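Shown next, in structure tokens, is the structure this report addresses.
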Amino acid sequence: MRKTFAFLLLASTAVGVVGFGTADAEACPAGFEEVVVAGGVQCAHPDEVPANGIRPTSFYTTEAEARALTCIGSGTDGNRLQAVFVTEGQATLDSADRAAITQGMINVQAVYRSSSQVVPGVEVIPRWVHTPDCDPSIDVVRVAPGTLADFAATIEAFGDQGRDRPDRKYIIWADSSVYCGIATVSVDESKVANRNDGDHPGYARIDRNCWGYQGSVVAHEVTHTLGAIQPSAPNATPYGHCTDEYDIMCYVDGPDTTTSIDCGDHRGELALDCNNDDYFHPDPSSDNWLYTHWNVADSSFVERLVTSDLGQDADDGQDVDDGQDVEVVSARFVDIDRENPHGRAIGWLAERRVTRGCDTARFCPDQPVTRGQMAAFLHRFVPDPRFGANAVGFADVGPDHPFASDIAWLVESGLTRGCDESSFCPDGPVTRGQMAGFLYRVFAADADVGESGFGDVEGESPFATEIAWVAATGISQGCAADRFCPDEPVTRGQMASFLHRSWERFLDD
Ligand SMILES: [Zn+2]
Numbered sequence: 061m062r063k064t065f066a067f068l069l070l071a072s073t074a075v076g077v078v079g080f081g082t083a084d085a086e087a088c089p090a091g092f093e094e095v096v097v098a099g100g101v102q103c104a105h106p107d108e109v110p111a112n113g114i115r116p117t118s119f120y121t122t123e124a125e126a127r128a129l130t131c132i133g134s135g136t137d138g139n140r141l142q143a144v145f146v147t148e149g150q151a152t153l154d155s156a157d158r159a160a161i162t163q164g165m166i167n168v169q170a171v172y173r174s175s176s177q178v179v180p181g182v183e184v185i186p187r188w189v190h191t192p193d194c195d196p197s198i199d200v201v202r203v204a205p206g207t208l209a210d211f212a213a214t215i216e217a218f219g220d221q222g223r224d225r226p227d228r229k230y231i232i233w234a235d236s237s238v239y240c241g242i243a244t245v246s247v248d249e250s251k252v253a254n255r256n257d258g259d260h261p262g263y264a265r266i267d268r269n270c271w272g273y274q275g276s277v278v279a280h281e282v283t284h285t286l287g288a289i290q291p292s293a294p295n296a297t298p299y300g301h302c303t304d305e306y307d308i309m310c311y312v313d314g315p316d317t318t319t320s321i322d323c324g325d326h327r328g329e330l331a332l333d334c335n336n337d338d339y340f341h342p343d344p345s346s347d348n349w350l351y352t353h354w355n356v357a358d359s360s361f362v363e364r365l366v367t368s369d370l371g372q373d374a375d376d377g378q379d380v381d382d383g384q385d386v387e388v389v390s391a392r393f394v395d396i397d398r399e400n401p402h403g404r405a406i407g408w409l410a411e412r413r414v415t416r417g418c419d420t421a422r423f424c425p426d427q428p429v430t431r432g433q434m435a436a437f438l439h440r441f442v443p444d445p446r447f448g449a450n451a452v453g454f455a456d457v458g459p460d461h462p463f464a465s466d467i468a469w470l471v472e473s474g475l476t477r478g479c480d481e482s483s484f485c486p487d488g489p490v491t492r493g494q495m496a497g498f499l500y501r502v503f504a505a506d507a508d509v510g511e512s513g514f515g516d517v518e519g520e521s522p523f524a525t526e527i528a529w530v531a532a533t534g535i536s537q538g539c540a541a542d543r544f545c546p547d548e549p550v551t552r553g554q555m556a557s558f559l560h561r562s563w564e565r566f567l568d569d
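Numbers 61 to 569, taken from the numbering used here, label the letters of the sequence shown in order.
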């Protein structure tokens with residue numbers, strides 16, 4: 061069977077500028093054909109893959125992995141891959157086709173999951189659109205006869221139907237056999253604010269003759285839409301692929317391309333990025349090209365999960381078994397490993413977008429929480445539309461302060477007054493006693509549960525009532541057997557556990 065991977069390149073200057081029916085010959089790099097679609101000029105480079113016949117016979121490590129789609133968040137929030145079945149016939153999807161598309165989605169997940177385990181305990185998986193009940197969401201779209209004859213017409217038809225959201229990559233299973241696979245990508249190597257990361261809609265199309273292959277064609281085209289492979293990557297070809305086999309993105313894609321076997325395991329034909337130096341590494345070191353250039357593992361269309369075998373719940377310094385075994389924690393952070401006692405809570409906060417970490421890859425669980433960060437955590441955690449958030453009125457919180465609106469919310473909602481009459485002290489630490497005070501004001505009204513029994517919290521101590529309340533509700537069991545350590549700073553990891561427990565007790569319905 062003839063297998064063709066084709067590949068579209070978005071012209072970096074023309075998108076959204078040149079209308080349908082016009083052509084700007086300057087827009088496409090040498091060696092690329094020009095196509096015009098709704099929204100502007102794009103460039104196309106269809107290629108043929110040499111059929112080397114080498115395919116792993118069994119890729120999946122477990123039955124469960126081969127069957128289950130891992131669901132993320134609500135299923136529709138944020139940037140997502142949208143599976144679409146497109147036909148020129150009746151707009152129905154029979155059970156066999158539904159099963160094939162579902163398996164393709166799962167296979168892409170498996171390719172990403174297994175490929176990301178170059179960093180132990182980390183899984184990077186695609187964010188497919190799914191239902192709240194965790195079923196795959198597959199749009200069924202009918203297009204006019206003739207539309208599937210080429211990719212540009214398919215994209216144009218999608219635009220006409222409003223399927224051109226920048227927060228979606230449309231992964232199209234086409235009811236035709238014109239192509240094997242084809243996809244859009246932008247040439248943009250920048251590390252942040254990359255045009256492949258939600259700047260415009262992306263499209264990939266896989267035709268019936270390539271729905272199989274254990275999902276390798278689907279995963280290949282998905283990876284193009286996420287921004288692979290950029291021209292100056294160490295092993296890049298001129299046409300968006302790579303030369304260091306085995307690798308799901310590498311093949312002889314033109315007359316000037318020669319490949320070498322740098323990664324000898326044939327399973328690499330179902331894996332991303334041989335040596336993890338061209339387009340995908342979950343945590344590249346500073347001498348890696350991906351440390352300073354666009355890395356598909358950083359895409360906001362994928363989710364970073366951290367696996368854990370925690371058989372127990374965890375609190376600040378003490379294990380507390382709440383009877384719920386935890387199998388997987390989710391987080392986007394490389395510094396949260398299987399052993400971290402706050403991993404589950406941190407993952408939960410990350411999924412809810414309460415935390416974005418201390419930088420793009422890390423959560424920094426042992427760092428103290430500042431008052432400004434705490435304002436942001438609480439504001440995202442219990443947003444209250446009653447309070448607008450602009451005027452702050454503190455000498456040390458200007459309008460450009462990163463937490464200005466969060467601090468304004470905290471003050472307007474009556475949860476704090478600042479550290480003195482004119483200052484908020486946004487960089488000051490939050491003590492464990494103060495943390496108890498904040499949670500008490502948010503959730504407890506005026507509850508009085510008596511004394512806490514902690515040896516280091518007297519009845520007259522600041523926050524004695526609040527500390528007794530967090531102990532009675534199980535939000536915290538203290539820092540040691542009979543102590544709460546009210547004057548010690550709260551770490552970011554402890555804060556995560558406090559918030560998670562509060563949510564379980566007061567907001568989860
Ligand atoms: Zn390709």
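Ideal Cβ placement from N, Cα and C applies to all residues, glycine included. All values reported here derive from a predicted model rather than from experimental measurement.
Output the boundary residues of the beta strand (DSSP E) element that contains residue i.
i       : result
Trp-233 : 228 to 234
Arg-265 : 262 to 267
Ala-243 : 241 to 243
Val-457 : Here Val-457 belongs to no beta strand (DSSP E), and DSSP marks it neither H nor E.
I'd like the span of the alpha helix (DSSP H) that includes residue i, first residue to last.
i       : result
Val-277 : 276 to 285
Ala-435 : 431 to 441
Gly-164 : 155 to 176
Ile-215 : 211 to 220
Glu-526 : 524 to 532
Val-502 : 492 to 503
In this structure, does DSSP put residue i in helix, strand or coil?
i       : result
Thr-317 : coil
Cys-334 : helix
Thr-82  : With a pLDDT of 27 at Thr-82, under the threshold of 50, the modelled position of this residue cannot be trusted; read the value that follows with caution. Three-state DSSP puts Thr-82 in coil, outside helix and strand.
Thr-415 : coil
Ile-396 : coil
Arg-561 : helix
His-326 : helix
Arg-477 : coil
Cys-270 : helix
Trp-188 : strand
Glu-520 : coil
Ile-406 : helix
Ala-556 : helix
Leu-8   : The shown model of the chain, from 61 to 569, leaves out residue 8, and the question about it has no answer.
Thr-352 : helix
Phe-423 : coil
Phe-514 : coil
Phe-566 : helix
Can you list, in chain order, the residues of its chain with a C-beta nearer than 6 angstroms to that of residue i? Leave out the 5 residues immediately preceding and following it.
i       : result
Val-550 : Val-429, Val-490, Arg-492, Met-495
Phe-566 : Phe-503
Asp-199 : Val-144
Asn-336 : Val-178
Cys-194 : Cys-131
Under the DSSP definition of a beta bridge, which residues are partnered with residue i?
i       : result
Pro-428 : Thr-551
Phe-145 : Val-200, Trp-233
Ser-465 : DSSP, once it has assigned bridges, lists no residue as partnering Ser-465.
Arg-543 : Ala-540
Arg-140 : Arg-228
Ser-359 : None, per the DSSP bridge assignment.
Ala-296 : Cys-302
Ser-346 : Answer is none; Ser-346 lacks a bridge partner.
Pro-489 : Thr-430
Cys-310 : Cys-302
Can you list, in chain order, the residues of its chain with a C-beta nearer than 7 angstroms to that of residue i? Leave out the 5 residues immediately preceding and following it.
i       : result
Thr-352 : Lys-251
Phe-484 : Arg-431, Phe-454, Asp-456, Val-457, Ile-467, Gly-478
His-280 : Phe-65, Gly-241, Ile-308, Met-309
Arg-543 : Phe-514, Gly-515, Asp-516
Got a sec: does ligand 1 put a non-hydrogen atom nearer than 8 angstroms to the Cβ of residue i?
i       : result
Asp-313 : yes
His-341 : no
Ala-436 : no
Glu-564 : no
Ala-293 : no
Met-309 : yes
Glu-399 : no
His-301 : yes
Gly-275 : no
Gly-262 : no
Gly-241 : yes
Glu-526 : no
Using a Cβ-Cβ cut-off of 8 angstroms (strictly less than) and excluding sequence neighbours within five positions of residue i, which residues of its own chain qualify?
i       : result
His-560 : Arg-404, Ala-405, Trp-408, Leu-409
Cys-418 : Cys-424, Gln-427, Arg-552
Is residue i close to ligand 2? I mean its beta-carbon at under 8 angstroms from any heavy atom of the ligand.
i       : result
His-439 : As for ligand 2, it is missing from this structure, which binds only ligand 1.
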